[in-house]
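Structure, as structure tokens:
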Amino acid sequence: MQRTVDVHTHWYPKEYLDYLISRGDSEVTYARHDGGTHYRCYYKGVPVAHIDRAGHYDLDARIKDLDAAGLDTQILSITIPGPETLERDKGIYWAKKNNDALAKAEQDYPGRFFWMASLPYQDPDAACKELERCYQMGCKGVQMFSNFNGKPIAAPEFDPIYACQRRTLSLSSASGSSGLRTAASNQCAKRPGSSGDTGRAYYGGSFHVLATVFLRQSTVLFRRRKLELGATAAIVTS
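All the letters of the sequence shown, read from the start, carry residue numbers 706 to 943 under our numbering.
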């Protein structure tokens with residue numbers, strides 16, 4: 706039987722979204738609530754994310770969307786603006802809070818959700834400690850972008866993060882869990898009765914592949930030869 710697994714999909718824990726709104730427009734990172742299920746998130750005054758469905762922050766609503774679209778499992782990650790865009794201490798705090806929420810999502814919906822760790826990249830030592838904690842909690846990988854506040858992910862200052870990355874975890878936005886096989890793809894497999902339209906409940910895009918390509922072409926892979934890079938989507942057969 707074929708299972709569909711969306712490995713590039715984002716979720717905002719509601720507490721984090723409310724915090725972004727509370728920061729106000731004068732902050733570097735903030736959000737606005739436009740009413741109903743509509744939110745906009747900003748970084749340095751530029752809108753970087755738009756939410757228009759409850760499933761982006763409400764897991765019960767997301768499950769209904771997944772069932773309607775014929776998707777079995779998602780690997781959740783925090784999208785922009787993530788805790789790495791906050792001030793150092795607040796970034797460390799919210800990375801932990803968000804990871805706790807992600808771990809709880811997996812516990813509350815077994816088999817439906819797994820998760821990628823969100824790290825406070827503005828402090829590489831704190832990021833390493835949080836990565837170890839997330840590994841103990843069962844994360845399936847590490848969420849990364851092509852840069853952290855304008856600094857490329859291949860910058861030497863981030864080497865400690867790659868050094869402490871365990872071989873059982875994937876970098877970027879893809880991962881597999883025990884007993885599952887993942888294959889690179891930009892779509893989830895169609896199921897009987899489903900149109901296979903990824904726009905219906907596919908809460909992520911595919912631009913994280915740029916970070917993966919950049920890592921492959923950078924000197925990081927020469928400095929850390931045991932890194933395992935992930936793809937951006939998966940078709941899983943069980």
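Beta carbons: idealized from backbone N, C-alpha and C, even for Gly.
Remember, predicted model here, so these are calculated numbers, not experimental data.
Within the DSSP secondary-structure output, residue 754 pairs in a beta bridge with 746.
For residue 799, the uninterrupted alpha helix (DSSP H) segment begins and ends at 793-813.
Contact check for residue 842 against residue 808 passes: the beta carbons are separated by less than 7 Å. Going by DSSP, residue 711 is part of the beta strand (DSSP E) stretching over 707-715.
Residue 804 and residue 729 have their C-alpha atoms some 24 Å from each other. If you look at residue 728, you'll find it in the alpha helix (DSSP H) that goes 719-728. The continuous stretches of alpha helix (DSSP H) do not include residue 739, which lies in the beta strand (DSSP E) extending over residues 734-740.
If you draw a 10 Å sphere on the C-beta of residue 793, you find fewer than 16 other C-beta atoms in it, and that means exposed. In this structure residue 825 is buried. Its beta-carbon is surrounded by 16 or more other beta-carbon atoms within 10 angstroms.
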